[in-house]
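Report on the following structure.
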Amino acid sequence: MTKEVRSRVDSALDALEAVGTQQQPRPLDNPLLWGNYEVRYTSVARSTEAQQRGQPAGGRFRGRIGRALFQTTGVFQSVLQPDIATNKVAFRLFGLLPGYVGLRGRVEPVGDGGDTVKVFFEPPVLSFGGALTLRIGPPSSVQLATTFLDDRVRLGKGSRGSLFVFERSAAADAAAMDRVGLERTTPAGLAVLAAVLGAMAWSGWTLFRTGSLPLQLGGAALWLVTAGIALVARQGGVIEDDEEVQERRQQQQRQQQQTEGQQTAAAGGKQAAA
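The opening residue of the sequence shown carries number 673 in my numbering; numbering runs sequentially from there.
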C-alpha cells in the first residue's frame, strides 16, 4: 500500500472516529463490543520512528523477517465477557508447518470516556503443528481505545497513534479464540525447540565445513534461517518498548520489597514470641 493510499485510509478512519465520539451507548457499555474479529488494517504512519520498531499487530511475527519465515494466514482479536481479550497470529512456518502465537489478557477500563481499556497479557503461547506448545516471553500490556463500533467493524487506536480496523468474520469465529492462552504446554517444550534449532545450526556448520562452495552457501543459508527463527520467536514475538521494560522492572522491585518486608515482619514476630 502506497503512502498516499494509506494517508487516505487513515483520513477516512479519522472521519469515522469523529462519528464514534457521538455514539451512544459508549463502546465499553455496548454489547456489540463482544465477539471475534479479524485484523483487516493496521497503520503506524503517525507514530514516531522509535514506536515503529515492529508491526502494531503480531509483533516480530509480522515484521519483515517474520513474514518471510512465518507466512501469516490470519491475525485475530477477540473481546470476551466479562473482561478477557485474546490475540492470535496464525502462520505456516516455511509455508508448510501450521502454527500460531497467542496472547490472553485481563481487560481494565481506563478513564471516564467509556472507550479505552488497558489489557494486561500473560506470557505468549507459541504452538507448532498442534504437537508442540510452549510459553515463551514476558507478560506485556497494551492500551487501546475503540473509536468507532457497529455490528460489522470496530476501529481502534493505540496509545501511540497506531490505527486498527477489526472486522467480524467467519475465520475469526473458527479460530477458537476463547481457548487462546489456555492450552496445555508441551513438557520440555522449550528444550525441544532449542534442540531443533541446534540441529539446524549443526547441519549448517556441517555443510559449511565440506569446502564445496554450493554446500557452503547452503550451510550459510541454513544458519541465517535458524537465526531468523530464533530472533522472531524470542520472547514469543513480543516487542517491548523502554517504558514497558521500565514499568515491569519497577513492578518487580515493588514485589521484591513487599516480600522482603513480609519476611522481616515474620522474623520479628518469631523473635517476639521466643
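A virtual CB, placed ideally from N, CA and C, is assigned to each residue, including glycine.
Quick caveat, the model's predicted, so the values are computed rather than measured.
Counting every other CB atom within 10 Å of its CB across the protein chains shown gives residue 762 a total of 16 or more, marking it as buried. Across the structure, residue 846 and residue 751 are spaced so that their CA atoms are roughly 15 Å apart.
Here DSSP, grouped into helix, strand and coil, assigns residue 808 to coil. Per DSSP, the continuous alpha helix (DSSP H) segment holding residue 861 begins and ends at 861 to 880. With fewer than 16 other Cβ atoms inside 10 Å of its own Cβ, residue 675 counts as exposed. In the structure shown, residue 832 adopts coil according to DSSP, grouped into three states. Spanning the alpha carbons of residue 864 and residue 739 requires a straight line of approximately 23 Å. Boundaries for residue 847: no beta strand (DSSP E) harbours it, and the DSSP string shows neither H nor E there. Assignment of beta-bridge partners to residue 777 by DSSP yields 757 and 793. Between residue 685 and residue 821, the CB-CB gap reaches or exceeds 9 Å. One alpha carbon belongs to residue 798, the other to residue 785, and they sit about 35 Å apart. Assignment of residue 769 by DSSP, reduced to helix, strand and coil, places it in the strand class.
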